[in-house]
Structures are given as structure tokens and as C-alpha cells.
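Numbering (the numbering used here), first residue to last: 67 to 453.
Ideal Cβ placement from N, Cα and C applies to all residues, glycine included.
Fair warning: this is a prediction, and the values are worked out from it, not measured in the lab.
See structure below.
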Ligand SMILES: [Zn+2]
């Protein structure tokens, strides 16, 4: 997969630009790519060659005429090559195959309860990947693994997954690669959702946006100036563990008391409702009872969105984004929840930043996040890392 010679940073950026143009526009000729990217013909040609060689692009003949002569059409392979997405979560894990164009082969989505030990997790996932690849008979270019935790981007090791401690200190991409012989990459779930929004969702033409995933932890991914913010070890944008309840706060998976993550997520809401009712309920069960009119969760819901809004306001003040995309199931619990949360967040944030920031529900999803993670990694491996 590595180029025989060391490509320049500029070449890498050009490769990425060409890939982005085709990801957002679909099937294009080289001339179209030149027009859309503003890159010169020889440079487009080199970038396209690298992408074709890596299997990230394919081309087919066309009878159509472009700029006065027949052209070959460039596209992202949908069925002739695949990548695998693995989503690790505290309750269930999932494995899904996808075309390089982000078309998920959802009929083959495999969702299973998260194993109790790390070794079992790795064995089960590796076995399922090998089954999937052998059954499909389509070349698999790599595996993107996402985890709701802090990943050291330098060595692929997980510092901490506050809701999935069996992976703390582990490097699942290295362990799965050694068992499957496939290129694997581990990406923080928050980062992967951000990449998914940028590649396939509403963030395609946005330079400055934030993606929040508050389903279990309080994950934040940041694109600023068109670049993913990663910091020294890939940990930038970590907002989950700022203290918001210094007095009487609940114990967080990170070991501190009163973190934002303990009060502002779907999981936090589930905890507080379960505590009042005196029994452990899953989010889906609570949602069903609320829908049937058999359970009133107004106090817990209002408490959760108050703290969620504090986190959103902080993100607006710190990063001045044009958009914030949020993934949360609690918005479905009552018609006014999302609007109410936005109203509180905007009233708490600084006016100049909040008045120019659109808060929306995220259009990406966790499977596409894992897929975007591996495609991004494969494109990056065509050149040296930016940082
Ligand atoms: Zn914490």
C-alpha cells in the first residue's frame, strides 16, 4: 500500500482533495476532477494513479464525451472492493461491510453483545471478519475499528474507555490485524463520527463544525479550518471529563466525580430514571414506557438537557463552529426536547458565536464512522501524516 518513493506533503493533500471531490460528487472524469478541485492536470493524474493503485478508486469506459473527447469515468468501488467497519460499544458491538463509496451492505450487519473479556472480544471479532471476507469473495482493503474512548493516535493504544474498561491499555487494531492479516486502524468514536459527517453527511462543505455523540459518553470531534483537530496524541476536543458537579457529583468511569459525561448523555438519563424507579432499565425500555404514556421522566430529562446544553454552549464558545451536529437518542423522547436544548445552549453561549452557529441532529452514523475511519487511514497511508 505504501508508495515506492516518499511522497511530499503537497502530494498527499492533492490525493485527499481528489478523493474528497469524488466522494462528494460521485462519478467524474479526470477533467471534472480538475474543474472541481482546481488542481492541475498532471497533479490530478498522479493522484488518481495512486488512488487506483491502492484500490480506493476504479475507472470505467464511457461513451459520453467530456471536453471534446471520450473520457474514462472515475468512481469509488461499491461492490468490487470493500472495507469492514467494527463498532465497539459498552453494550453491543457491530461489524458491517461497505463499498468504498460508503454504501453499507446492511444486510450483512452483525450485532452482538459485547464480550466480558478483551481476549474474547478480539477472538470473536477476528473470526467474524474472516468469515465475512471469505464469504464475500470481494477484496477487503482494511478494517476501521471505533471505540468510545481515548485513543493514542501515535501507537493505536486506548488510554481509557470510561464505559468499556476491558479495552483500557489495549491496541485492538494491532491484535485484529495479526489475526486477520488485514490493514486495521483504531479511531475514537467521536473522531469517526466527525469524519463520517465530513465525508457522507451534512459537514461536506463546512470548514468549521463539531460533532457531538452523547449516546453513552460525551464524545466530541472538531473540524476547524477544514482540518480534523487532533492535538499531540489525537486527544484534542475531549470535553466529557470536565467537572460540572464538583459537590455531590456521581463517580465517572474516568475515576473523577461529577464529570459532564455523568449527567448529560442518554446513558446518564437511563441511570437517573433507573435509580428513581429502583430497577435497571435499558434506554429502549424507558423510551417505550414514555411512548405508551406509562412513565413520566420530565425531571430527569430536563436535568439531562440542561447539562447537555452547558456542554454545547462550551463547545460554541471555545471553537466558534458554523455547525454543531449532535447524536442523541434522548431527542426522540419528547417533541420539544431538541428545540429546548438548543434554546438553553444558545442562551448560555456568547452571543456573537451562538448567533452564527446552527445546531442540528447528526446525519452520519456509527457504522459510516468506522468506514470513514479506514478509508481516511488508507488515503493517508498514500502519503506521510500531516502532523
Ligand atoms: Zn470523567
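With fewer than 16 other Cβ atoms from the protein chains shown falling within 10 Å of its own Cβ, residue 158 counts as exposed. For residue 228, the shortest separation between its Cβ and any heavy atom of ligand 1 lies below 7 Å. In the structure shown, residue 339 adopts helical secondary structure according to DSSP, grouped into three states. Cβ contact annotation for residue 188 (same chain, cutoff 8 Å, sequence separation greater than five): 238, 241, 242, 245, in chain order.
With 5 Å as the limit, the residues whose C-beta approaches any heavy atom of ligand 1 more closely are 307, 318, 320, 322, 325, in sequence along the chain. Residue 232 is positioned such that its CB atom lies closer than 8 Å to that of residue 183. When the Cα atoms are used, residue 393 and residue 259 turn out to be separated by approximately 9 Å.
Spatial neighbours of residue 281 in its own chain (CB-CB distance under 8 Å, excluding positions within 5 residues in sequence) are listed in chain order as 331, 332, 333, 393, 394, 395. Between residue 214 and residue 197, the CB-CB gap reaches or exceeds 8 Å. According to the DSSP secondary-structure assignment, residue 158 is paired through a beta bridge with 179. Taking C-alpha positions only, residue 144 is separated from residue 166 by approximately 6 Å.
DSSP, read as helix, strand or coil, puts residue 420 in helix.
Short of 8 Å from the beta carbon of residue 363, and not among the five residues preceding or following it, lie these beta carbons of its own chain, in chain order: 335, 339, 352, 356, 399.
DSSP places residue 331 outside both helix and strand once states are collapsed to three, so it counts as coil. Residues 237, 239, 240, 252 of the same chain have their beta carbon placed closer than 7 Å to that of residue 222, with the five preceding and five following residues left out of the count. Look at residue 93 here: in three-state DSSP terms it is coil, with no helix or strand label. One thing to note: residue 308 has its Cβ no nearer than 8 Å to the Cβ of residue 381. Here residue 435 carries a helix assignment [DSSP, helix/strand/coil]. At a Cβ-Cβ threshold of 8 Å, residue 139 and residue 123 do not count as neighbours. By the CB criterion at 8 Å, residue 248 and residue 209 fall inside the cutoff.
With respect to the 8 Å criterion, residue 391 and residue 426 are classified as neighbours on the basis of their beta carbons. In this structure the region 410 to 424 lies against the region 359 to 375, because at least three pairs of beta carbons, one per stretch, are closer than 8 Å. If you look at residue 389, you'll find it in the beta strand (DSSP E) that goes 389 to 393. Collapsing the DSSP output to three states places residue 104 in coil. Beta-bridge analysis with DSSP links residue 296 to no other residue. A straight-line Cα-Cα distance of about 10 Å links residue 234 and residue 217. For residue 149 and residue 211, the gap between their C-alpha atoms comes out near 11 Å. Between residue 284 and residue 302, the gap from beta carbon to beta carbon reaches 8 Å or more.
Residue 256 sits in a helix when the DSSP states are folded into three classes.
For residue 206, there is no enclosing alpha helix (DSSP H); the enclosing beta strand (DSSP E) covers residues 206 to 213.
Between the beta-carbon of residue 423 and that of residue 389 there is about 7 Å, and that keeps the pair under the 8 Å contact cut. Annotation: the region 261 to 330 contains the following complete segments of the beta strand (DSSP E) (minimum length 3 residues), in chain order: 275 to 279, 285 to 290. Its chain contains 138, 139, 141 as the residues whose beta carbon lies nearer than 8 Å to that of residue 126, once the 5 sequence neighbours on both sides are disregarded; these appear in chain order.
Counting along the chain, the unbroken beta strand (DSSP E) around residue 151 starts and ends at 148 to 153.
With contacts defined by Cβ atoms closer than 8 Å, residue 345 and residue 371 do not form a contacting pair. Distance from the CA atom of residue 415 to the CA atom of residue 278, rounded to whole angstroms, is 16 Å.
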